[in-house]
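Chemist: End of the sequence shown sits at 388 in our numbering; the numbers just go up one at a time, nothing left out.
Note that beta-carbon positions come from the ideal geometry of N, C-alpha and C, so glycine has one too.
Handing you a structure now.
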Amino acid sequence: GQFNLNLLAEKYNVKIAEAEISAAKVMPDPQVNFESTYETYTVELEYSLELGNKRGARVRLAKSQAEHTALVLNHFFQELRAEATDVFLDAILQRELLKVKQSSYNYMLQLSHSDSLRFQMGEINENDARQSKLEAATLLNEVFNQEAEHKASLMVLNQYMGKASEILSVSDAEWGDMNRDYVLGNLISIASENRLDLMAAQKNLEVVANQFKLIRAERRMDLGLKVGYERDWHGIFPTRRSLKAGVTIPLKFSKFNKGSLRVANYAKEQSECEAKNLYLQVQTEVSQAFYRYEAIKKQVKQYQTGVLDDSKRILDGMVYKYKRGETSILDVLIAQRTYNEVQEQYLRAMKDYVSALVNLEKVCGMWDIDF
């Protein structure tokens, strides 16, 4: 929120819109005309008097545009916050996957050392000893790859935080208690009230209405006021001098062309359709996010209520049988890989679960997530 460069760039749009309000308050500049002949010279002051409250219409339009821009900025921040959170979750996932691969490598390395001793003692053949050693080397390569993935995820997180080279750490971050119970109807109501893009769409209707009013005001004529002074060049005491005043009234034949009014009116109707469509889209997004969240929550619960423990028991049982000579090293490797896959699947499911919660709260326009 403080250092993301995309967000900082978007904030300038608000400053630009606020500056446009000041620019809309400007009034027409007066003009000074000077004319000269051989015998006389004339000085005139001209001013265009705006009628139809054009200045007020410009200011109202600029203010509504500034409010719309502020809503767009806040919505952009909500989207950015959800994206950054998902990147943060990916960094945690890569860290946990690294732990799994390191644990698997250390487990297989110990088994490889044990098999080397058992081969020297004649308890197993050379092929089994080589197989466990090869598997340990393979797992070490996976550790190297996973370390790179972990560091890469931290660099992406750096970019979101506006930092170029500082190495971050998420070593203390945990998934936390992310269990939530929601009712779909309540979420749709919350989204209808809190979604900033809906608010921005409603504010855009106001912007378009003010644009229509400004176009209608600009079709009204302006009066040109003129005051002048004329005198002779000759003599210290001029023989002739005079004051002049006048009014310029434009003939607004262009008022008969109502193309600009029709364009503004069609833009207003278009914005109304877009706002209604966005409301339906919000309902769809909330429903989809809710169903996905509920489905992934069930998957995580399934892993937590037996699958992880069962895969660990199978691996320990295979290793026990292998050490007693009741099974081959291949069965141990299969059980090891199955256990690794189940752990990785569980971690990815946990990441998807929390990401689904992040997305659900984002599409509802609420936020109570903390790590």
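1) Terminal residues of the continuous beta strand (DSSP E) containing residue 260?
2) For residue 50, name the three-state secondary structure that DSSP assigns.
3) Do residue 377 and residue 306 have their C-beta atoms closer together than 7 Å?
4) Looking at residue 78 and residue 227, is the spacing between their C-beta atoms short of 7 Å?
5) Please report the straight-line C-alpha distance between residue 101 and residue 90, rounded to a whole angstrom.
6) State the DSSP-derived secondary structure class of residue 66, mapped to helix, strand or coil.
7) Can you pull the DSSP bridge partners for residue 242?
8) Please report the straight-line C-alpha distance between residue 58 and residue 265, rounded to a whole angstrom.
9) Under the rule that 16 or more other beta-carbon atoms within 10 Å means buried, what is residue 21, buried or exposed?
10) Roughly how far, in whole angstroms, is the beta-carbon of residue 81 from the beta-carbon of residue 224, given that I think they are within contact range, below 8 Å?
11) For residue 48, which of 340, 245, 379, 331 has the nearest alpha-carbon?
12) Pick helix, strand or coil for residue 199, following the three-state DSSP scheme.
13) Does the Cβ of residue 86 have 16 or more other Cβ atoms within 10 Å, making it buried, or fewer, making it exposed?
14) Based on the DSSP secondary-structure assignment, which residues constitute the bridge partners of residue 58?
15) Can you tell me whether residue 181 is helix, strand or coil according to DSSP?
16) Do you know whose CA, among 217, 235, 257, lies nearest residue 272's CA?
17) Just verifying my parser: in three-state terms, what is the DSSP assignment at residue 138?
18) Rounded C-beta distance between residue 111 and residue 205? I'm assuming under 8 Å.
19) For the alpha helix (DSSP H) holding residue 276, just list the boundary residues, first then last.
20) Closer than 7 Å by C-beta to residue 132: which residues in its own chain qualify, once you throw out the five before and the five after it? Chain order, please.
21) DSSP three-state label for residue 341, please.
22) What residue does the alpha helix (DSSP H) around residue 221 start on, and which one ends it?
23) On the three-state DSSP scale, how would you describe residue 382?
24) What separation, rounded to the nearest whole angstrom, lies between the Cα atoms of residue 314 and residue 375?
25) Compare the Cα-Cα distances from residue 282 to each of 268, 316, 232, 331 and report the closest residue.
26) Would you check if the segment 68-78 and the segment 353-362 touch, i.e. whether three or more CB-CB distances between them fall below 8 Å?
Modeler: According to the structure data:
1) Counted from its first residue, the sequence shown places residue 260 at position 243. From DSSP, the beta strand (DSSP E) with residue 260 extends over 258-265.
2) The residue you call residue 50 lines up with position 33 of the sequence shown. When secondary structure is reduced to three states using DSSP, residue 50 falls in the strand class.
3) Mapped onto the sequence shown, residue 377 falls at position 360. Mapped onto the sequence shown, residue 306 falls at position 289. In this structure, residue 306 lies closer than 7 Å to residue 377 by Cβ.
4) For the purposes of this step, residue 227 is identified with residue 210 of the sequence shown, where counting begins at 1. For the purposes of this step, residue 78 is identified with residue 61 of the sequence shown, where counting begins at 1. Between residue 227 and residue 78, the C-beta spacing is below 7 Å.
5) Residue 101 sits at position 84 when you count from the first residue of the sequence shown. Residue 90 sits at position 73 when you count from the first residue of the sequence shown. Computed Cα separation, rounded: 16 Å.
6) Position 49 of the sequence shown, counted from the start, is the residue given in the question as residue 66. Residue 66: strand per DSSP, three-state reduction.
7) To locate residue 242, count along the sequence shown from 1; it is residue 225. Residue 242 is bridged to 64, 264.
8) As a first step, residue 58 is located in the sequence shown; it is residue number 41 there, counting from the start. As a first step, residue 265 is located in the sequence shown; it is residue number 248 there, counting from the start. Distance between the alpha carbons of residue 58 and residue 265 is about 22 Å.
9) Counting from 1 along the sequence shown, the entry for residue 21 is found at position 4. Around the beta carbon of residue 21, 16 or more other beta carbons lie within 10 angstroms, which makes this residue buried.
10) Looking up residue 81 in the sequence shown gives position 64. Looking up residue 224 in the sequence shown gives position 207. With a Cβ gap of about 5 Å, residue 81 and residue 224 count as contacting.
11) Counting from one through the sequence shown, the residue named residue 48 turns up at place 31. For the residues 340, 245, 379, 331, the minimum Cα distance to residue 48 belongs to 245.
12) Indexing the sequence shown from 1 puts residue 199 at position 182. Of the three classes helix, strand and coil, the one that applies to residue 199 here is coil, per DSSP.
13) Walking along the sequence shown from the start, residue 86 turns up at place 69. Buried: at least 16 other Cβ atoms inside 10 Å.
14) Here residue 58 refers to the residue found at position 41 when the sequence shown is read from its first residue. Within the DSSP bridge table, the entry for residue 58 names 53, 248 as partners.
15) Counting from one through the sequence shown, the residue named residue 181 turns up at place 164. In this structure, residue 181 counts as coil in the three-state DSSP scheme.
16) Counted from its first residue, the sequence shown places residue 272 at position 255. With distances taken between Cα atoms, residue 272 lies closest to 235.
17) Stepping through the sequence shown from its first residue, residue 138 is reached at position 121. When DSSP states are grouped into helix, strand and coil, residue 138 belongs to the coil group.
18) The count along the sequence shown starts at 1 and reaches residue 111 at position 94. The count along the sequence shown starts at 1 and reaches residue 205 at position 188. Not confirmed; about 35 Å, so no contact.
19) In the sequence shown, residue 276 corresponds to position 259, counting from 1. 276-319 is the span of the alpha helix (DSSP H), which, as asked, contains residue 276.
20) For the purposes of this step, residue 132 is identified with residue 115 of the sequence shown, where counting begins at 1. For residue 132, where only same-chain residues beyond five positions count, the Cβ hits under 7 Å are 141, 145, 146, 149.
21) Counting from one through the sequence shown, the residue named residue 341 turns up at place 324. Note: residue 341 maps to coil in three-state DSSP.
22) In the sequence shown, the residue the question calls residue 221 occupies position 204. That run of the alpha helix (DSSP H) goes 213-235.
23) Along the sequence shown, one-based indexing puts residue 382 at 365. In the three-state reduction of the DSSP assignment, residue 382 falls in the coil class, being assigned neither a helical nor a strand state.
24) As a working note, residue 314 is residue 297 in the sequence shown. As a working note, residue 375 is residue 358 in the sequence shown. The alpha-carbon atoms of residue 314 and residue 375 are separated by roughly 13 Å.
25) The sequence position of residue 282 within the sequence shown is 265, counting from 1. Minimum Cα distance to residue 282 is reached at 232.
26) Taking one beta carbon from each stretch, the segment 353-362 and the segment 68-78 have fewer than 3 pairs nearer than 8 Å; the two do not touch.
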